[in-house]
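Each residue of the sequence shown is one higher than the one before, counting from 1 in my numbering.
Every residue gets a Cβ at the ideal spot worked out from N, C-alpha and C, and that includes glycine.
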Amino acid sequence: MKRCDWVTKEEIYIQYHDEEWGVPVYEDRKLFEMLNLEGAQAGLSWITVLRKRERYREVFDHFEAEKIIQYDEAKVEELLQDPGIIRNRLKVKAVIRNAKAFLQIQQEFGSFSDYIWSFVGGKPVINKWDRIQDVPTSTAISDAMSKDLKKRGFSFVGSTICYAFMQATGMVHDHLTTCVCYKQKAAR
């Protein structure tokens, strides 16, 4: 089976590509998780984060923002000692900061999903890329999303991170046209 060119032969990567990547996500907690995991990836490869994802879920209370905003400096230090996550102080503190901003957006918009999906008009953007070289790393939409998230207090949400988040959560459909998943996921 032909998959997108970025997929390695590792089973965890194949499963992520085939079952998750590009599938529209509308559940607030899952969107919050993915935004933070994409931020954790900054400067690293996605496979690094994917391998650590389960541990992230465990130590960050399954990305329940209400619990995360209660984290104090002792909890930050505890997290920084855990080899199961990326031990970067700025990235760990960003999750706490992002939780506060996330809850504020929920209050203002009713849900984070409504807010974040408004950047694409509430439905996925279906692209038709034939080659991996054609797929952008950012767009005017991810630029706008990044700018607004930063204005609202989020960290590790640059335009490239936002575009990767949009791809992962199905806001943009970027499976290559040659990929086995292209037609199946574009139809959703």
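query                                                                                                         : result
Distance between beta carbons of Ile116 and Ile96, contact taken as under 8 Å                                 : Wrong, their Cβ atoms sit about 19 Å apart, outside the cutoff.
Residue burial classification, Ala74 (beta-carbon count within 10 angstroms, cutoff 16)                       : exposed
Three-way DSSP call (helix, strand, coil) for His173 in this model                                            : strand
The region 172 to 181 in contact with the region 30 to 49 per 3-pair CB rule at 8 Å                           : no
Environment of Glu33 [buried if 16+ CB atoms lie within 10 Å]                                                 : buried
Short Cβ contact (8 Å threshold) for Ile94 with Ala65                                                         : Before going on, a small fix: residue 94 reads as Ala here, not Ile. No. Outside cutoff.
Within 8 Å, strictly: CB atoms of Ser159 and Ser142                                                           : yes
Lys52 classed as buried or exposed, judged by whether at least 16 other C-beta atoms fall within 10 angstroms : buried
N- and C-terminal bounds of the alpha helix (DSSP H) containing Asn36                                         : Asp28 to Gln41
Inter-residue CB distance, Leu31 and Phe112 (contact presumed, cutoff 8 Å)                                    : 6 Å
Beta-carbon proximity list for Tyr71, same chain, < 6 Å, skipping 5 on both sides                             : Ile96
C-alpha gap between Cys4 and Ile12, whole angstroms                                                           : 15 Å
Distance between beta carbons of Trp129 and Thr177, contact taken as under 8 Å                                : 7 Å
Distance between beta carbons of Ile14 and Val25, contact taken as under 8 Å                                  : Not quite, the Cβ-Cβ distance comes to about 20 Å (not below 8 Å), so this is no contact.
Contact under 8 Å by Cβ, Val120 with Gly39                                                                    : no
Where Ile126 sits in the DSSP three-state scheme                                                              : strand
Val120 - DSSP class collapsed to helix/strand/coil                                                            : helix
Gly122 to Asp114 span [Cα, whole Å]                                                                           : 8 Å
Under the three-state DSSP convention, the category Ser111 falls into                                         : coil
Collapsed DSSP secondary structure at Leu44 in the structure displayed                                        : coil
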